[in-house]
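Protein chains in written order, with the working numbering: chain A, 44 to 469; chain B, 44 to 469. Cβ coordinates follow ideal geometry from the N, Cα and C atoms, glycine included. These figures come from a predicted structure and were not determined experimentally. Okay, so here's the structure we're looking at.
Number of protein chains: 2
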Amino acid sequence: MPYADLTKEELMELKKSLKAEYKAMQAKDLKLDMSRGKPSQEQLDISMGLMDVLSSDADLMSENGSDCRNYGVLDGIPEAKELMGDMMEVPADNLIIYGNSSLNVMYDCISRSYTHGVMGSTPWCKLDKVKFLCIVPGYDRHFAITEYFGFENVCIPMLESGPDMDMIEELVQNDDSIKGIWCVPKYSNPTGNSYSDEVVRRFARLKPAAKDFRIYWDNAYTIHHLYDLDQDHLIEILAECKRAGNPDLVYKFASTSKVTFPGSGIAALATSHNNLEDIKKQLKMQTIGHDKVNQLRHVRYFKDIHGMVEHMKKHANSLRPKFEMVLDTLESELGGLGIASWTKPKGGYFISFDTMDGCAKEVVSKCKKAGVVLTGAGATFPGGNDPHDKNIRIAPSFPPVGDLEMAAKLLCLCTKMAAVDKLLGE
Amino acid sequence: MPYADLTKEELMELKKSLKAEYKAMQAKDLKLDMSRGKPSQEQLDISMGLMDVLSSDADLMSENGSDCRNYGVLDGIPEAKELMGDMMEVPADNLIIYGNSSLNVMYDCISRSYTHGVMGSTPWCKLDKVKFLCIVPGYDRHFAITEYFGFENVCIPMLESGPDMDMIEELVQNDDSIKGIWCVPKYSNPTGNSYSDEVVRRFARLKPAAKDFRIYWDNAYTIHHLYDLDQDHLIEILAECKRAGNPDLVYKFASTSKVTFPGSGIAALATSHNNLEDIKKQLKMQTIGHDKVNQLRHVRYFKDIHGMVEHMKKHANSLRPKFEMVLDTLESELGGLGIASWTKPKGGYFISFDTMDGCAKEVVSKCKKAGVVLTGAGATFPGGNDPHDKNIRIAPSFPPVGDLEMAAKLLCLCTKMAAVDKLLGE
Chain A
44 MPYADLTKEE
54 LMELKKSLKA
64 EYKAMQAKDL
74 KLDMSRGKPS
84 QEQLDISMGL
94 MDVLSSDADL
104 MSENGSDCRN
114 YGVLDGIPEA
124 KELMGDMMEV
134 PADNLIIYGN
144 SSLNVMYDCI
154 SRSYTHGVMG
164 STPWCKLDKV
174 KFLCIVPGYD
184 RHFAITEYFG
194 FENVCIPMLE
204 SGPDMDMIEE
214 LVQNDDSIKG
224 IWCVPKYSNP
234 TGNSYSDEVV
244 RRFARLKPAA
254 KDFRIYWDNA
264 YTIHHLYDLD
274 QDHLIEILAE
284 CKRAGNPDLV
294 YKFASTSKVT
304 FPGSGIAALA
314 TSHNNLEDIK
324 KQLKMQTIGH
334 DKVNQLRHVR
344 YFKDIHGMVE
354 HMKKHANSLR
364 PKFEMVLDTL
374 ESELGGLGIA
384 SWTKPKGGYF
394 ISFDTMDGCA
404 KEVVSKCKKA
414 GVVLTGAGAT
424 FPGGNDPHDK
434 NIRIAPSFPP
444 VGDLEMAAKL
454 LCLCTKMAAV
464 DKLLGE
Chain B
44 MPYADLTKEE
54 LMELKKSLKA
64 EYKAMQAKDL
74 KLDMSRGKPS
84 QEQLDISMGL
94 MDVLSSDADL
104 MSENGSDCRN
114 YGVLDGIPEA
124 KELMGDMMEV
134 PADNLIIYGN
144 SSLNVMYDCI
154 SRSYTHGVMG
164 STPWCKLDKV
174 KFLCIVPGYD
184 RHFAITEYFG
194 FENVCIPMLE
204 SGPDMDMIEE
214 LVQNDDSIKG
224 IWCVPKYSNP
234 TGNSYSDEVV
244 RRFARLKPAA
254 KDFRIYWDNA
264 YTIHHLYDLD
274 QDHLIEILAE
284 CKRAGNPDLV
294 YKFASTSKVT
304 FPGSGIAALA
314 TSHNNLEDIK
324 KQLKMQTIGH
334 DKVNQLRHVR
344 YFKDIHGMVE
354 HMKKHANSLR
364 PKFEMVLDTL
374 ESELGGLGIA
384 SWTKPKGGYF
394 ISFDTMDGCA
404 KEVVSKCKKA
414 GVVLTGAGAT
424 FPGGNDPHDK
434 NIRIAPSFPP
444 VGDLEMAAKL
454 LCLCTKMAAV
464 DKLLGE
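Next up, the structure:
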């Protein structure tokens with residue numbers, strides 16, 4: 044029965060029994076972390092073969108004859124471009140292969156635009172006001188970068204099929220201080236949903252007032268499916284922008300951080316040739332080249348995109364039971380109570396969970412006191428400020444599935460407690 | 044006999060025979076590159092064992108218990124800090140371990156100061172004028188960074204014992220638009236000399252008008268000796284700055300690019316705790332962490348600084364004959380002619396070569412036409428502009444020693460030809 048239909052007496056009674064349950068949970072002395080989208084040890088073990096593909100008797104020459112051990116090759120070896128191009132669904136020659144972190148690439152894109160502008164535009168540091176659009180709930184590290192540069196982060200609500208495109212179109216057409224938008228278009232962080240075909244098409248057809256406006260398309264979960272057949276599909280944005288006559292509108296990012304090892308993978312940027320040319324002017328000042336041995340290591344390990352896809356099935360086998368465990372627990376504990384809602388992703392690393400308004404902070408705090416660390420309430424909004432205090436990002440990947448059941452139950456319990464308090468007006 | 048003492052007729056005669064020699068050289072159809080400080084294939088082979096230390100059955104945990112395969116550890120694993128600290132002669136806790144490129148770290152330091160200032164100072168992008176001191180001849184990639192940011196590069200002459208400290212002291216004390224100085228203090232690029240004790244002490248005692256002035260101390264060749272006993276020694280600048288009451292004055296850079304593999308090594312920044320705190324505020328926006336697996340790989344390979352020192356002896360064994368070959372050739376071909384001078388380094392990657400005034404471009408061009416690529420004349424000066432057109436950077440590391448003899452002879456020949464033309468007033 045929905046909590047809203049309970050009498051005050053029933054709620055008081057419920058409160059008492061929930062409190063007893065919570066005490067019993069606390070007694071278990073849990074120490075679990077569901078705060079970040081970190082692969083588990085089991086997932087890391089999947090990629091250990093990566094450590095064996097290059098040995099001291101290996102040939103470390105790229106297919107174009109350059110010695111991967113030496114200086115040079117600013118934008119990546121050709122075979123790495125091909126592999127990452129296939130992963131990102133763009134031609135190899137639209138890519139730059141970077142170092143170990145796509146976040147680093149995104150930061151550098153913002154920083155470069157701030158210091159030197161975009162394809163000849165006024166450097167953003169010379170402007171009085173710069174705004175960036177942030178789809179909420181979204182990824183805290185994105186918002187942190189634009190906040191760090193002093194931009195105004197403007198919230199755009201995430202809807203069922205992607206962000207509110209009416210709002211985005213209206214804003215970017217009329218305000219030339221808006222220079223970009225942060226997107227995680229597939230298995231979004233944290234909602235896990237993917238942008239519909241119409242949303243992607245509308246993105247590609249944006250007519251920004253600012254010529255140096257770019258879509259920051261962080262396709263972090265492009266091949267990170269939970270199921271082999273039931274997968275989200277996303278229209279490829281670079282090609283769609285080209286078709287729409289806006290070839291330079293987008294920077295697309297990806298990495299192998301959640302394919303092989305986070306921190307020891309390779310990252311890439313895909314964009315138009317005009318953008319690439321602009322970016323390389325800066326990149327050649329910044330470095331002589333990224334780690335080509337690691338590029339080669341990844342190519343030799345996967346061989347091709349098929350190898351990568353097969354590899355991702357192993358990750359899916361590890362992640363799927365965890366997602367299902369959390370979703371089953373949420374359904375069995377909270378289904379029909381009218382005090383929470385949540386997303387049911389087919390890929391990615393997160394489930395987005397909404398409590399009743401004004402309850403998220405309390406739920407996270409209660410979980411913490413019973414030994415389960417969740418992503419801080421509000422973290423999915425710029426400045427950590429969730430105006431409804433209801434969104435919590437659940438990251439099921441890291442803990443073992445047994446622990447996860449306990450953690451999910453605790454989350455449900457704390458959600459119930461906070462809801463009862465709210466309904467009692469406490 | 045010095046060319047200056049030759050009669051016009053003797054010079055004319057000489058010109059003729061040099062021209063014949065040059066034609067013979069051209070007929071050899073050489074294709075050699077002495078342009079960049081790249082390790083040779085022989086040197087790269089020295090480090091192939093690096094490929095074997097981490098295999099799929101290796102334990103990839105850091106000594107502090109963190110899994111090197113996963114996210115986290117912003118400033119580097121402790122054992123990498125210790126190794127690089129020993130290499131850089133600073134305590135491990137004064138370090139941040141970065142990715143594969145110290146140039147990237149330097150660029151990012153300039154960029155951060157430009158966008159966010161230094162320890163609370165006005166961001167440099169908000170200033171009308173920023174100047175940077177460049178010791179000449181020096182490293183082109185340093186100068187290119189500050190030029191790219193629109194700073195005025197101010198030349199400081201390199202003297203026997205280091206840069207002209209009188210000039211530096213005078214300038215930085217009186218001009219608060221001077222925000223830094225590029226230094227390669229040991230086996231300098233390209234002169235190969237090292238700063239004297241007095242020079243280092245005077246650096247540490249600078250009293251810059253700008254509170255956000257920093258010394259960019261690129262100790263690229265800190266353990267890159269040619270001889271086991273006859274080595275240059277440099278006073279450690281961080282400690283000296285601390286003693287002088289200027290603990291925050293310096294950023295010190297190094298990498299293993301010329302220890303293991305260029306592009307696949309690890310880089311580090313050493314500086315005061317105040318500076319580290321300032322830098323980490325930015326770094327945590329830019330990345331979750333650098334490649335810890337590669338950090339671990341380097342530590343496991345070298346074990347400790349002694350392992351690294353022994354390793355560098357192998358590089359020395361490969362480089363020493365090359366340096367000696369070039370120096371012997373220069374001496375036997377040009378000694379006593381009064382038309383050229385050059386340095387005799389005990390380490391590093393370069394020999395600095397001076398032609399007669401106004402001859403360097405011509406010499407480089409003549410060499411190129413006979414198949415030997417040298418670093419472009421002027422490259423060792425900001426903007427590529429050598430006011431005397433005399434300095435050429437010789438990089439003997441890459442070609443095999445046999446080729447090198449040919450290349451050095453060609454260089455001498457072209458130097459003679461240009462000198463004769465100059466003396467003839469042509």
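Who pairs with residue i in a beta bridge, going by DSSP?
i	result
L202/B	G205/B
G223/B	F175/B, R257/B
F194/A	F194/A is not bridged to any residue.
W385/B	F396/B
G390/A	H268/A
I435/B	F396/B
I139/B	L312/B
D110/A	M104/A
Suppose you measure from the CA of residue i to the CA of residue j; what does that come to, to the nearest Å?
i	j	result
N137/A	V463/A	54 Å
V12/A	D95/A	This structure cannot settle anything about residue 12/A, because the visible part of chain A is limited to 44 through 469.
D102/A	I178/A	46 Å
E353/A	H341/A	14 Å
R79/A	L54/A	34 Å
C473/A	L453/B	Beyond the ends of chain A as shown, which are 44 and 469, falls residue 473/A; an answer cannot be given.
V444/B	K365/B	6 Å
K295/A	Y150/B	23 Å
F192/B	W167/A	14 Å
F172/A	P121/B	Note that residue 172/A is Lys in the sequence shown here, rather than Phe. Near 42 Å, if we compare the C-alpha coordinates of P121/B and K172/A.
With DSSP as the reference, label residue i as helix, strand or coil.
i	result
N428/B	coil
D261/A	strand
F304/B	coil
R343/A	helix
D100/A	coil
M44/B	coil
D291/A	coil
S298/A	strand
L370/A	helix
V415/B	strand
M77/B	strand
S164/B	coil
N318/A	helix
A187/B	helix
T423/B	coil
Nearest chain A C-beta to residue i closer than 9 Å, yes or no?
i	result
A358/B	This sequence places His at residue 358/B; Ala is not what is there. So, not an interface residue.
D183/B	no
A297/B	no
D446/B	no
V116/B	yes
For the ligand ATP, is there any heavy atom lying closer than 8 Å to the beta carbon of residue i?
i	result
E283/A	With respect to the ligand ATP, the structure shown offers nothing to examine, as it has no ligands at all.
Checking contacts by CB at 9 Å: is residue i closer than that to chain B?
i	result
N113/A	yes
A438/A	no
Q216/A	no
F393/A	no
Q325/A	yes
S300/A	yes
What residues from chain C crowd round residue i, counting only those whose CB sits closer than 8 Å?
i	result
D110/B	No chain C appears in the structure shown, which is made up of the protein chains A and B.
Taking beta-carbon pairs under 7 Å, can you tell me which members of the segment 143 to 172 of chain A lie near chain B?
From the segment 143 to 172 of chain A, only N143, S144, L146, N147, Y150, S154, Y157, T158, C168 have a Cβ closer than 7 Å to chain B.
Taking a Cβ distance cut-off of 8 Å, strictly less, list which residues of the segment 79 to 91 of chain B are near chain A, in chain order.
Listed by position along the chain: R79, K81, P82, Q84, L87, S90, M91.
Which residues, in chain order, does the segment 328 to 347 of chain A contribute to contact with chain B at a C-beta distance below 8 Å?
M328, Q329, T330, I331, G332, H333, D334, K335, V336, N337
Between the segment 304 to 318 of chain A and chain B, which residues of the former have a C-beta closer than 8 Å to a C-beta of the latter?
F304, P305, G306, S307
Using a Cβ-Cβ cut-off of less than 7 Å, list which residues of the segment 93 to 108 of chain B approach chain A; keep chain order.
M94, D95, L97, S98, S99, A101
The segment 185 to 204 of chain A: positions lying closer than 8 Å to chain B by Cβ
A187, I188, Y191, F192
So if I threshold CB-CB distances at 8 Å, which residues from the segment 260 to 271 of chain A count as touching chain B?
none
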